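>
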Ligand code: ADP
Ligand code: MG
């Protein structure tokens, strides 16, 4: 038997990294801006603990396109690197300086928001560039360094004369990746990935109108001035404390996330947990509108304020994917397959935490202002009913706030509903029978007939209601449901007084047989009612089992 070491050399893995590390080429920009952000946050941390005796100031990250030279440049005013540090952090592929920093400053830096951790991000630059340069000057009093690499294992590293602290990365963009020299494309990427990152990102300039003074003459034309275009909001709502935010701040943030949404959300849930995992975020229940874009406006997943994806499958329980908002967690392993994600312990905990928070919020809203909750029911019922069907834990919790509206616009909880049902309202097995309508217009006469007899009729008209009914029948003792046009209702009705019909027995019998000639007898029952009520004189019903078979 032979044993040995598999020899993985840098030559072997370098082209692999370039080609396959990230399926999406566009993420190189996110990675380089993350590094620039890290470099800035590191400096902030070191100045705050007195380890770097330099002025932190107001550092900005800048992205510039030089079309002529086919270059994209990303510069920061962060910590910089000495020549030795370039050797260490850049030339050693898969050695993460970010991880090392967090390790070294463990306790004090754990909330610093440092992003990097795989030590591979930088190399994603070679997905779009055939040559990459780094010009960097450390905050330490040492000469600047200039590193150049053309995507092979060879590089040059020499002193440079950069005077200001910080790093500039110069990408010589491939012919095939020319799109990354287009202003629109870069701006689109910055908005997608970096819109909420913690260090200001400048990309070009814009014209801003100067407010006219109060006493300006009527015909005065407002002047404009040129200002830096800052891409990001460095302080997004989810990173703040709920106590520092008002309803209008949450609504404004909603619009920042979804600029094309004009309706305010119905309510929000601010997530904030740091044990046993880290997670912050804000979820919104949107107002369901016809023009709502479920495909496009989705929950967004961030890690330390860097956008990662809007595919939250596996992380957010499926029934909540109709919600909107953001989730930010450094604890979600992202470089793994979705099926692995679903099995991951931390991710499972995150998913059940989110479910619990949503249920708690709904309960609070219901308890604090039931009237308002009832008003919102039509917009939120889909999510709640779907959740009750798909998650048993949620089903249990939802008992406290799930509502069952009647055709008369009364809203009962299940408990209240059970009390409303008369003891006599039972089927032959002794189950209490709850009557419901699924379509108010079509079942109008049946509804009237049932109401005449003093029965409550629920209006259950959501698309998943037949499934929910089955679930309720399975979960609740001695309860069954029957649609108003089912034959069950007939068995329930104990005629309290003999109603007088204007038709003779003979006439009634004739009417009945006439109807039975035109409708299939095996599928429907025909039954004559008294003529003195507002209800229909003749009722055609369908056995409940027949109806369910069709669904
Ligand atoms: P990671 O960010 O996961 O540590 P990267 O491959 O993205 O790995 O970067 C490797 C290391 O190079 C960083 O950890 C950091 O030490 C150094 N580095 C990269 N970009 C910069 C920068 N703009 N300023 C200072 N150091 C940087
Ligand atoms: Mg990185």
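Residue numbers (the UniProt record's numbering): 1 to 551.
Glycine residues also receive a C-beta, built at the ideal position from the N, C-alpha and C atoms.
Quick caveat: nothing in here was measured; it's all calculated off a predicted structure.
Considering only DSSP beta bridges, list what residue 239 is partnered with.
Here the question's residue 239 lines up with position 239 in the chain shown. In the DSSP output, where bridge partners are listed per residue, residue 239 has none listed.
> Could you give the first and the last residue of the continuous alpha helix (DSSP H) run that contains residue 25?
Residue mapping note: residue 25 aligns to position 25 of the chain shown, counting from 1. Note, residue 25: premise wrong, no alpha helix (DSSP H); not H, not E.
> Let me check you understand the geometry: is the CB of residue 96 closer than 7 Å to at least one non-hydrogen atom of the ligand ADP?
Looking up residue 96 in the chain shown gives position 96. At least one heavy atom of the ligand ADP is nearer than 7 Å to the Cβ of residue 96, so yes.
> Can you find the residues in the same chain that come closer than 6 Å, C-beta to C-beta, to residue 28, ignoring five residues on each side of it along the sequence?
Taking the chain shown and counting its residues from 1, the one referred to as residue 28 is at position 28. If we look at residue 28 and ignore the five residues flanking it on each side, its Cβ neighbours are 124, 125, 127 and 128.
> Compare the Cα-Cα distances from residue 57 to each of 164, 220, 399 and 89 and report the closest residue.
The count along the chain shown starts at 1 and reaches residue 57 at position 57. Checking every option, the nearest Cα to that of residue 57 belongs to 164.
> Tell me the rounded alpha-carbon separation between residue 319 and residue 382.
Start at 1 with the first residue of the chain shown, and residue 319 comes out as number 319. Start at 1 with the first residue of the chain shown, and residue 382 comes out as number 382. Going by the C-alpha atoms only, they are around 9 Å apart.
> Between which two residues does the alpha helix (DSSP H) harbouring residue 97 extend?
Here residue 97 corresponds to residue number 97 of the chain shown, with the count starting at 1. Start and end: 97-104.
> Less than 8 Å between the CB atoms is what I'm expecting for residue 234 and residue 276, so what's the real figure, rounded?
As a working mapping, residue 234 is identified with position 234 in the chain shown. As a working mapping, residue 276 is identified with position 276 in the chain shown. Residue 234 to residue 276, Cβ: 29 Å. No contact.
> Look up residue 147 in the DSSP assignment and give the residues it is bridged to.
Here residue 147 corresponds to residue number 147 of the chain shown, with the count starting at 1. The partner list for residue 147 (beta bridge, DSSP) reads 134 and 157.
> If I measure Cβ to Cβ from residue 230 and keep anything under 7 Å in the same chain, skipping five residues before and after, which residues do I get?
By one-based count along the chain shown, residue 230 stands at place 230. Around residue 230: 200, 201 and 202.
> Let me make sure I understand the geometry here. Which of 315, 331 and 378 has the alpha-carbon closest to that of residue 355?
Position 355 of the chain shown, counted from the start, is the residue given in the question as residue 355. Out of 315, 331 and 378, 315 has the C-alpha closest to the C-alpha of residue 355.
> Cβ-heavy atom distance between residue 81 and the ligand ADP below 7 Å?
Position 81 of the chain shown holds residue 81. Yes - the ligand ADP has a heavy atom lying nearer than 7 Å to the Cβ of residue 81.
> For residue 495 and residue 283, I'd like the C-alpha separation in whole angstroms.
Looking up residue 495 in the chain shown gives position 495. Looking up residue 283 in the chain shown gives position 283. Because the pLDDT of residue 495 is 38, which lies under 50, any placement of that residue in the model is unreliable, and the number read from its coordinates should be weighed accordingly. One C-alpha to the other measures close to 52 Å.
> DSSP on residue 541, reduced to helix/strand/coil?
Translated into the one-based positions of the chain shown, residue 541 becomes position 541. Strand.
> Determine whether the beta carbon atoms of residue 310 and residue 258 lie at a separation below 8 Å.
Along the chain shown, one-based indexing puts residue 310 at 310. Along the chain shown, one-based indexing puts residue 258 at 258. Cβ distance not < 8 Å, so residue 310 and residue 258 don't count as in contact.
> When you compare only the Cα positions, how much space is there between residue 86 and residue 31?
Here residue 86 is taken as the residue at index 86 of the chain shown, counted from 1. Here residue 31 is taken as the residue at index 31 of the chain shown, counted from 1. In a straight line, the C-alpha of residue 86 is about 17 Å away from that of residue 31.
> Can you tell me where the beta strand (DSSP E) holding residue 307 begins and where it ends?
The count along the chain shown starts at 1 and reaches residue 307 at position 307. It spans 306-309 - the beta strand (DSSP E) in which residue 307 sits, taken as one unbroken run.
> Quick one: residues in its chain with C-beta nearer than 6 Å to the C-beta of residue 159, no 5 flanking neighbours on either side, listed in chain order?
Here residue 159 is taken as the residue at index 159 of the chain shown, counted from 1. Here the set comprises 143.
> From what residue to what residue does the alpha helix (DSSP H) around residue 513 run?
Your numbering for residue 513 matches position 513 in the chain shown. Start and end: 505-518.
> Return yes when the C-beta of residue 91 is under 7 Å from any heavy atom of the ligand ADP, and no when it is not.
Start at 1 with the first residue of the chain shown, and residue 91 comes out as number 91. No, the beta carbon of residue 91 sits no closer than 7 Å to any heavy atom of the ligand ADP.
> State yes or no: is the beta carbon of residue 202 nearer than 8 Å to at least one beta carbon in chain B?
The structure shown contains no chain B; it holds only a single protein chain.
> Taking only three categories from DSSP, how would you classify residue 163?
Residue 163 sits at position 163 when you count from the first residue of the chain shown. In this structure, residue 163 counts as coil in the three-state DSSP scheme.
> Quick one: using the 10 Å Cβ neighbour count with 16 as the cut-off for buried, is residue 497 buried or exposed?
Here residue 497 refers to the residue found at position 497 when the chain shown is read from its first residue. Note that residue 497 scores 37 on pLDDT, short of 50, meaning its location in the model is unreliable; the coordinates nonetheless yield the value given after this. Under this definition residue 497 is an exposed residue.
> How long is the line joining the alpha carbons of residue 433 and residue 268, rounded to whole angstroms?
Translated into positions along the chain shown, residue 433 becomes position 433. Translated into positions along the chain shown, residue 268 becomes position 268. So the two alpha carbons sit approximately 37 Å from each other.
> With 16 other CB atoms within 10 Å as the buried threshold, where does residue 325 fall?
Indexing the chain shown from 1 puts residue 325 at position 325. Classification of residue 325: buried, given that the 10 Å Cβ count is 16 or more.
> On the CB-based measure, 16 or more other CB atoms within 10 Å of its CB, does residue 425 come out buried or exposed?
Along the chain shown, read from residue 1 onward, the residue named residue 425 stands at position 425. Per the 10 Å Cβ criterion, buried.
> Leaving out five residues on either side along the sequence, give the residues of the same chain with a beta carbon under 7 Å from the beta carbon of residue 180.
One-based indexing of the chain shown puts residue 180 at position 180. Taken in chain order, the residues that qualify are 72, 128, 173 and 186.
> Using the C-alpha atoms, what's the distance from residue 484 back to residue 510?
Locating residue 510 in the chain shown gives position 510, counting from the first residue. Locating residue 484 in the chain shown gives position 484, counting from the first residue. If I take the Cα positions, the gap works out to 25 Å.
> For residue 520, count the other beta carbons within 10 Å of its own beta carbon; 16 or more makes it buried, fewer makes it exposed. Which is it?
In the chain shown, residue 520 corresponds to position 520, counting from 1. It counts as exposed.
> Relative to the alpha-carbon of residue 435, which residue among 366, 389, 48 and 458 has its alpha-carbon at the smallest distance?
Walking along the chain shown from the start, residue 435 turns up at place 435. Of the candidates 366, 389, 48 and 458, the one whose C-alpha sits nearest the C-alpha of residue 435 is 458.
> Any idea if residue 499 is buried or exposed, counting beta-carbon neighbours within 10 angstroms, 16 or more meaning buried?
Translated into positions along the chain shown, residue 499 becomes position 499. Its pLDDT being 46, under 50, residue 499 is placed unreliably by the model, and the measurement read from it follows with that caveat. Looking at its Cβ environment, which holds fewer than 16 other Cβ atoms inside 10 Å, residue 499 is exposed.
> Helix, strand or coil for residue 495 per DSSP?
Position 495 of the chain shown, counting from 1, holds the residue named residue 495. Here the model assigns residue 495 a pLDDT of 38, short of 50, so the residue's position is not dependable, and the following value carries that caveat. Three-state result, residue 495: coil.
> Please go through the same chain and pick out, in chain order, the residues whose beta-carbon is closer than 7 Å to the beta-carbon of residue 386, but skip the five residues on each side of it.
On the chain shown, position 386 is the one that residue 386 refers to. Hits under 7 Å: 319 and 464.
> How close, in whole Å, do the beta carbons of residue 150 and residue 131 come, if the pair is a contact with beta carbons under 8 Å?
If you number the chain shown from 1, residue 150 lands on position 150. If you number the chain shown from 1, residue 131 lands on position 131. Confirmed, Cβ separation roughly 5 Å.
> Could you check which residue in 170, 322, 328 and 353 has the C-alpha nearest to that of residue 66?
For the purposes of this step, residue 66 is identified with residue 66 of the chain shown, where counting begins at 1. For residue 66, the nearest C-alpha among the options comes from 170.
> Identify which residue in 376, 82, 327 and 60 has its Cα closest to the Cα of residue 289.
Locating residue 289 in the chain shown gives position 289, where the first residue counts as 1. Of the candidates 376, 82, 327 and 60, the one whose C-alpha sits nearest the C-alpha of residue 289 is 376.
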